[in-house]
Amino acid sequence: MHDVLRAFGLARAIPGQRFYISDEEEEKTYSANVSADGTLSDLKLFAERGGEGLAWDKAGNVYIAAGQIYVYNSMGEEINEIDVPERPSPLVFGGADGKTLFIAARSSLYAVETKYGYQVRVSH
Numbered sequence: 002m003h004d005v006l007r008a009f010g011l012a013r014a015i016p017g018q019r020f021y022i023s024d025e026e027e028e029k030t031y032s033a034n035v036s037a038d039g040t041l042s043d044l045k046l047f048a049e050r051g052g053e054g055l056a057w058d059k060a061g062n063v064y065i066a067a068g069q070i071y072v073y074n075s076m077g078e079e080i081n082e083i084d085v086p087e088r089p090s091p092l093v094f095g096g097a098d099g100k101t102l103f104i105a106a107r108s109s110l111y112a113v114e115t116k117y118g119y120q121v122r123v124s125h
C-alpha cells in the first residue's frame, strides 16, 4: 500500500516507447521500455535525482519536480533548471499546441512555455 500512497500522478505508457519512473524517497529516476502488453522491461537508471512528479517532451527531455524543476536531456544529463516559487509536484504538458508545462504546487498552478512540448492527441 505504501507505493500507492506515494503515487503523485498517472502517465500514459505507450508500447515501443521509453517510460520514466521517479522515486522521491530513493532520489532516482528510471526509464523502461513499454512492451506491447503494457509491461515494463529493460529498467535503467536515468538520473541520480528523484522527485514528486515528472513529465517528458517529444524531444526526449525529462522534467523532474524535486524542489524545483530539473530538466534532463534524453541521455540523462541535466540541461536546465526551472525555478518555481513553491515546491512543485505533478507536472503535465497541455495547452493548444502541447508546449505548456503545467506545474501544480501546494496553493498555485504555474505554467511555463517550452520549446518542444508533448504531442497533444485529440479524439472525437
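Residue numbering for the sequence shown follows the working numbering, beginning at 2 and increasing consecutively. Just so it is clear, CB atoms sit at the ideal spot from N, CA and C, and this is done for glycine as well.
Close-in-space but distant-in-sequence residues of the same chain around residue i (CB under 7 Å, 5 per side omitted)
i    : result
S108 : E87
Where residue i sits in the DSSP three-state scheme
i    : result
I65  : strand
E53  : coil
S109 : coil
P86  : coil
Option nearest residue i by Cα separation, candidates the options
i   : options            : result
V93 : Q69, T40, P16, A56 : A56
D24 : L41, S36, L46      : L46
G39 : I83, A14, D84, Y31 : A14
Close-in-space but distant-in-sequence residues of the same chain around residue i (CB under 6 Å, 5 per side omitted)
i   : result
G95 : T101, F103
R19 : S32
Close Cβ partners of residue i (< 8 Å) along its chain, the five nearest in sequence each way excluded
i  : result
H3 : With a pLDDT of only 49 at H3, under 50, the local geometry of the prediction cannot be trusted, and no value is derived from it.
One or two residues paired with residue i in a DSSP bridge
i   : result
E79 : Y73
Margin query: Would the region 50–63 count as touching the region 72–81 if we require 3 or more Cβ pairs under 8 Å?
Written below: Counting C-beta pairs with one atom in each stretch, the region 50–63 and the region 72–81 have three or more that are closer than 8 Å, which means they touch.
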